[in-house]
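All the letters of the first sequence, read from the start, carry residue numbers 1433 to 1547 under this note's numbering. Note that beta-carbon positions come from the ideal geometry of N, C-alpha and C, so glycine has one too.
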Amino acid sequence: MSAKGLFEKVWTIVTHVPEGQVVTYGQIAVLLGNPRAARTVGWALHSTPDLLDIPWHRVINSAGRISTDCGEHSPTVQRQLLEQEGIVFDARDRVDLDRFQWRPPLELIESILGE
DNA sequence: ACGGTGACGAGAT
DNA sequence: TATCTCGCCACCG
């Protein structure tokens, strides 16, 4: 069960994002120690096996906007899921990151990186 | 093995 | 503030 690729680490992290909070692609990249791999994080989520059942909708971009645009993971669905959790979008369809961005406990990150 | 690809992001205009 | 541009890098055929 060792940590294989970056993809699996991304999925593991997203699994821990609590309801009512969000993370950004870039933030996940930083947590993983690859601050410039934000695009790769996005790609990892694009190829998320649905059977993993991870809260993919809690990942948005650094502007506080929804980037999703593929199949069942549509922007509309993602927004609805987030609003159901109490997350608020402003008039420009943005989430206030100061208010809703997740600040993961350091020990959680260490345990994920050290798997 | 190697290059195209993408749910990004920061800086420039 | 809204767009546009370009660099980024793990995957997979």
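Where the alpha helix (DSSP H) through Gln1515 begins and ends: The question names Gln, but residue 1515 is Glu in the sequence shown. 1507-1516 is the extent of the alpha helix (DSSP H) around Glu1515.
At what residues does the alpha helix (DSSP H) containing Trp1534 begin and finish? Note, Trp1534: premise wrong, no alpha helix (DSSP H); not H, not E.
Val1527 and Ile1486: beta carbons closer than 8 Å? no
Pull up the CB-CB distance for Thr1456 and Ile1544, whole angstroms please, since I reckon it's below 8 Å. Between Ile1544 and Thr1456 the Cβ distance is about 17 Å, and since that is not below 8 Å, they are no contact.
Inter-stretch contact (C-beta, 8 Å, three-pair minimum) for the segment 1512-1524 and the segment 1477-1486: When C-beta atoms of the segment 1512-1524 are compared with those of the segment 1477-1486, fewer than three pairs fall below 8 Å, so the two segments do not count as touching.
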